[in-house]
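The block underneath contains the structure these notes are about, expressed in structure tokens.
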Amino acid sequence: MASETTATQLDQLPGTGVEPPLIAEADSLNWNDSFDVIVVGLGAAGVSSAIEAADRGARVAFIDRFEGGGTTARSGSVMYAGGGTALQRRLGVEDTPDNMFNCLRHEVQDAVSEATLRRFCTDSPANFDFVTANGTRYSGTLFPNKTSYPVHGHSLYYSGNELIYTQDAKPAHRGHLADGIKRFTAFGPAFIGPLIKSALKKGVTPIRRTRVTRLIKNNNGEIIGVEAMQVPGGWTGLKHKVLSTLASYAQIYFAPAARGYRKKLFALEQRCAHPVRYRAGGGVVLAAGGFILNKEMTARYLPDFQRALKLGTTGDTGAGIALGVSVGGVAQRLGTATAWRFINPPQDWPKAAIVNLQGKRYVNEAMYGAVIGTRMMAENNGECILIMDKPLFESSLANLNLKSSRLVTWMQAKTAVRTAKSAATLDELAARLKIDGQQLKLTIEHYNAAARGERQDEFGKAPGDMQTITQGPFYAINMSVGKGDITSVISLGGLKVCEQTGSVLDADNQPIPGLFAAGRSAIGVASNAYVSGLSIADGVFSGRRAGQYAWQRAQGTQQPQPDATARGTAQPA
Ligand SMILES: Cc1cc2nc3c(=O)[nH]c(=O)nc-3n(C[C@H](O)[C@H](O)[C@H](O)COP(=O)(O)OP(=O)(O)OC[C@H]3O[C@@H](n4cnc5c(N)ncnc54)[C@H](O)[C@@H]3O)c2cc1C
């Protein structure tokens, strides 16, 4: 949901562990080391920033609280790219930057300016080349049909609403999936692993197990470095690595265990870390991810999403956002999140009707799962009940691709078989699920009329995407939050930045000298709504931009300008 919830004070961002800045002249402090550019956080955005600055000749360090990789390393590795990427061309998919723009503007809406979105699309082939030139591989084939989870071995698929926004754009596959081990695709380390290796080869200095706790600025208001708490290497470092790795996997597959690992991890950090200071001549890039694992912030800014699985890794505490705010930056869209309720595969489920407990539909079921999930959580109390008739239920089970080794496909199948409820009539089905029966019958009547082409669907669903629901027994699968399958959520808000340079902007839209932000720590292309791959693609786009301008500043060639393209306005929360 688009939300302009804003924070401009550190105390509006509880639980980040960030302190107010240290104000001092560089010569008055002792530094552990000095660089042109310091990148805080090594996910998609951080690694892109570090490589971009290093490629241009900057002396770069990345600092990561853990081993690096962040949530990017736990992701599905999808990068949303188009406009005629090398992979699209190899697989015979026609696309142009204009075509990509015409489709993507429906998803992105006002998250960034039109000029920035156009640049994102025009630069997309080059950003994909940047990723492959740094070692990430895409050797698979095209998955032609719509799915949320392509079978392994495919490198390109429809990862958003390309088949819906067709009024002024030709559908083109844009979900780029990195090669994993053997035939496995959709595996986060396969995307970011080669990029990290490449950054290290290019001379980027790794500073791991180091949590940045505050920025250092001089009396002119320029950011000149960071202060951090560093866990030593050796046996302690190994323990830290094991605990952080276990916590990050567990959060995604078994969240209660993650809490236990995090507790031990934080205790170890508390016990063993010592303070360090690093100087940045050109700039500090904040690329420390979002805030979905910050309990206090999610309770405050994302109350409707509390019951969904918080999808992130231990570093997603909002520290990057808070570091920016601590020196006058503005955090925007903190109330914006994306929740994921994927219903395809099986391919036939999107032909069914989704209703809430009032028996009302609220979404075009053929849309991408984040559109469904976000409407479900933000506007429908987490209610999502899929209504089918006998032919649709049976065909959907038949087209569940159980040969696929994707665990998630098996989970969908299990949910369908185990939890489906059936009844001879819609009235009885409604009674079994405690849905308003009168309304359900009316909803399905309207749905059937739209499916037969007798009326326009109120959610714009095309008749070709629908199937009538007429033949009993009728089936319902309750996919509401907390029932059966998982509904997950990530945060999308971040620091307001200059869309030309990635500089963090203050409440007057003035750049804070020496401070940049990228990825989920910043407002970007993905900050209004998410489709698969848009966050990583935005990380590459905004990360490279920040790396370039931080380097330019180190060279003394960037004159910070008041920002003309910042979105939104600065208002207290
Ligand atoms: C299961 C799952 C699947 C997903 N699949 C996709 C997908 O396929 N495509 C897609 O586009 N998006 C996907 N997403 C979302 C996407 O992974 C994230 O939004 C994106 O990777 C964020 O990138 P980032 O560079 O901003 O942050 P991250 O990748 O999270 O990196 C931030 C880094 O900052 C570090 N850090 C944090 N605080 C500090 C501090 N104080 N000091 C030093 N370091 C710090 C963290 O340790 C971390 O390494 C998925 C998310 C999940 C959880």
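Numbering (the numbering used here), first residue to last: 383 to 955. The C-beta atom is built at its ideal place from N, Cα and C for all residues, glycine as well.
### Query
If we ignore side chains and look at the alpha-carbon of each, how far apart do residue 850 and residue 828 end up?
Counting from 1 along the sequence shown, the entry for residue 850 is found at position 468. Counting from 1 along the sequence shown, the entry for residue 828 is found at position 446. About 10 Å.
### Message
Please state the DSSP three-state secondary structure of residue 857.
### Response
If you number the sequence shown from 1, residue 857 lands on position 475. Note: residue 857 maps to strand in three-state DSSP.
#### Entry: Rounded distance between the beta-carbons of residue 609 and residue 782, thought under 8 Å
In the sequence shown, residue 782 corresponds to position 400, counting from 1. In the sequence shown, residue 609 corresponds to position 227, counting from 1. Not really, about 53 Å apart at Cβ, beyond 8 Å.
### Query
Hey, quick one: how far does the alpha helix (DSSP H) through residue 639 stretch, first residue to last?
Within the sequence shown, the letter at position 257 stands for residue 639. First-last of the alpha helix (DSSP H) with residue 639: 637-654.
#### Entry: Own chain partners of residue 741 with C-beta closer than 6 Å, once the 5 adjacent residues on each side are dropped
Translated into positions along the sequence shown, residue 741 becomes position 359. Excluding residues within five positions, the ones whose Cβ falls inside 6 Å are 817, 818, 821, 822 and 825.
### Alpha carbon of residue 490 to alpha carbon of residue 843, nearest angstrom
Position 108 of the sequence shown, counted from the first residue, corresponds to residue 490. Position 461 of the sequence shown, counted from the first residue, corresponds to residue 843. Computed Cα separation, rounded: 20 Å.
### Task
Indicate whether residue 428 and residue 701 have their beta-carbon atoms separated by less than 8 Å.
Start at 1 with the first residue of the sequence shown, and residue 428 comes out as number 46. Start at 1 with the first residue of the sequence shown, and residue 701 comes out as number 319. Going by C-beta atoms, residue 428 is not nearer than 8 Å to residue 701.
### Query
Under three-state DSSP, which class holds residue 848?
Translated into the one-based positions of the sequence shown, residue 848 becomes position 466. Judged by DSSP in its simplified three-state form, residue 848 adopts coil rather than helix or strand.
### Query
Rounded C-beta distance between residue 667 and residue 929? I'm assuming under 8 Å.
By one-based count along the sequence shown, residue 667 stands at place 285. By one-based count along the sequence shown, residue 929 stands at place 547. Going by Cβ atoms, the distance from residue 667 to residue 929 rounds to 7 Å, so yes, they are a contact pair.
### Query
Around the Cβ of residue 391, are there at least 16 other Cβ atoms within 10 angstroms (buried) or fewer (exposed)?
As a position in the sequence shown, residue 391 is number 9, starting the count at 1. Result: exposed.
### Message
Can you find the residues in the same chain that come closer than 7 Å, C-beta to C-beta, to residue 393, ignoring five residues on each side of it along the sequence?
### Response
On the sequence shown, position 11 is the one that residue 393 refers to. Once the five neighbours on either side are set aside, residue 393 has no close Cβ partner at all.
### Query
Along the chain, where does the beta strand (DSSP E) that runs through residue 558 open and close?
Taking the sequence shown and counting its residues from 1, the one referred to as residue 558 is at position 176. It spans 557-559 - the beta strand (DSSP E) in which residue 558 sits, taken as one unbroken run.
### Query
Can we count residue 739 as close to ligand 2, meaning its CB is less than 7 Å from some heavy atom?
For the structure depicted, ligand 2 is absent and the ligand set comprises only ligand 1.
### Query
By the 10 Å Cβ neighbour count, where 16 or more other Cβ atoms means buried, how is residue 599 classified, buried or exposed?
Counted from its first residue, the sequence shown places residue 599 at position 217. Looking at its Cβ environment, which holds 16 or more other Cβ atoms inside 10 Å, residue 599 is buried.
### Distance, residue 721 Cα to residue 752 Cα
By 1-based counting over the sequence shown, the position of residue 752 is 370. By 1-based counting over the sequence shown, the position of residue 721 is 339. Cα-Cα distance, rounded: 5 Å.
### Message
At a threshold of 7 Å, does residue 569 count as lining ligand 1 (C-beta to nearest heavy atom)?
### Response
Indexing the sequence shown from 1 puts residue 569 at position 187. Residue 569 Cβ: outside cutoff for every heavy atom of ligand 1.
### Task
Drop a sphere of 10 angstroms on the beta-carbon of residue 897, count the other beta-carbons inside from all chains shown, and report buried for 16 or more, exposed for fewer.
Translated into the one-based positions of the sequence shown, residue 897 becomes position 515. Residue 897 comes out buried.
#### Entry: Per DSSP, the bridge partner or partners of residue 607
In the sequence shown, residue 607 corresponds to position 225, counting from 1. DSSP, once it has assigned bridges, lists 598 and 661 as partnering residue 607.
### Query
Quick one, which of 810, 708, 837 and 736 has its alpha-carbon nearest residue 888's?
Here the question's residue 888 lines up with position 506 in the sequence shown. The residue with the shortest Cα to Cα distance from residue 888 is 708.
### Query
For the stretch 461-476 against the stretch 548-558, are there 3 or more C-beta pairs whose distance is under 8 Å?
yes
### Query
Can you tell me whether residue 635 is buried or exposed, with buried defined as 16 or more other CB within 10 angstroms of its CB?
In the sequence shown, the residue the question calls residue 635 occupies position 253. Burial call: exposed.
### Message
Our contact map puts residue 905 next to residue 714 with C-beta atoms below 8 Å; I'd like the distance itself, whole angstroms only.
### Response
On the sequence shown, position 523 is the one that residue 905 refers to. On the sequence shown, position 332 is the one that residue 714 refers to. Rounded, the Cβ-Cβ distance is 6 Å, consistent with contact.
### Message
Taking 8 Å as the cut-off, does the stretch 909-921 touch the stretch 448-467 (at least 3 CB pairs, one atom from each stretch)?
### Response
yes
### Message
Let me check understanding here. Comparing Cα to Cα, which of 673, 663 and 696 lies closest to residue 716?
### Response
As a working note, residue 716 is residue 334 in the sequence shown. The shortest C-alpha separation from residue 716 is found at 673.
### Message
Taking 8 Å as the limit between beta carbons, can you name the residues of its chain near residue 544, skipping five residues before and five after?
### Response
For the purposes of this step, residue 544 is identified with residue 162 of the sequence shown, where counting begins at 1. 485, 551, 553, 554, 555 and 556, listed in sequence order.
### Message
If distances are taken between C-alpha atoms only, which option among 743, 637, 735 and 744 comes closest to residue 775?
### Response
Position 393 of the sequence shown, counted from the start, is the residue given in the question as residue 775. Its Cα nearest to that of residue 775, the residue 735 stands out among 743, 637, 735 and 744.
### Query
Counting pairs of Cβ atoms below 8 Å between the stretch 611-623 and the stretch 650-658, do you hit three or more?
yes
### Message
Is any non-hydrogen atom of ligand 1 found closer than 7 Å to the C-beta of residue 902, if you look at the structure I gave you?
### Response
Working through the sequence shown from its first residue, we reach residue 902 at position 520. With a threshold of 7 Å, the Cβ atom of residue 902 counts as near ligand 1, since some heavy atom of the ligand is closer than that.
### Task
Ignore the nearest five residues each way along the sequence and tell me which others in residue 396's own chain have a CB closer than 6 Å to its CB.
Here the question's residue 396 lines up with position 14 in the sequence shown. Same-chain partners within the cutoff: 678.
### Query
Just checking my contact of residue 696 with residue 448 at CB under 8 Å: how many whole Å lie between their CB atoms?
In the sequence shown, counting from the first residue as 1, residue 696 sits at position 314. In the sequence shown, counting from the first residue as 1, residue 448 sits at position 66. Right, their Cβ atoms sit about 7 Å apart.
### Task
Identify which residue in 442, 493 and 481 has its Cα closest to the Cα of residue 876.
Counted from its first residue, the sequence shown places residue 876 at position 494. The shortest Cα separation from residue 876 among 442, 493 and 481 belongs to 493.
### Message
Please state whether the Cβ-Cβ distance between residue 661 and residue 506 is less than 8 Å.
### Response
Counted from its first residue, the sequence shown places residue 661 at position 279. Counted from its first residue, the sequence shown places residue 506 at position 124. Contact: no.
### Message
Please state whether the Cβ-Cβ distance between residue 744 and residue 761 is less than 8 Å.
### Response
Mapped onto the sequence shown, residue 744 falls at position 362. Mapped onto the sequence shown, residue 761 falls at position 379. The answer is yes: Cβ separation under 8 Å.
### Query
From residue 594 to residue 445, what distance separates their C-alpha atoms?
Position 212 of the sequence shown, counted from the first residue, corresponds to residue 594. Position 63 of the sequence shown, counted from the first residue, corresponds to residue 445. Each residue's alpha carbon lies about 8 Å from the other.
### Task
Determine the closest residue to residue 859 out of 692, 772 and 766, with distance taken between C-alpha atoms.
As a position in the sequence shown, residue 859 is number 477, starting the count at 1. Comparing Cα-Cα distances from residue 859 to each of 692, 772 and 766, the minimum goes to 766.
### Query
When DSSP labels each residue in this structure, what does residue 707 get in the three-state scheme?
Translated into positions along the sequence shown, residue 707 becomes position 325. Three-state DSSP puts residue 707 in a helix.
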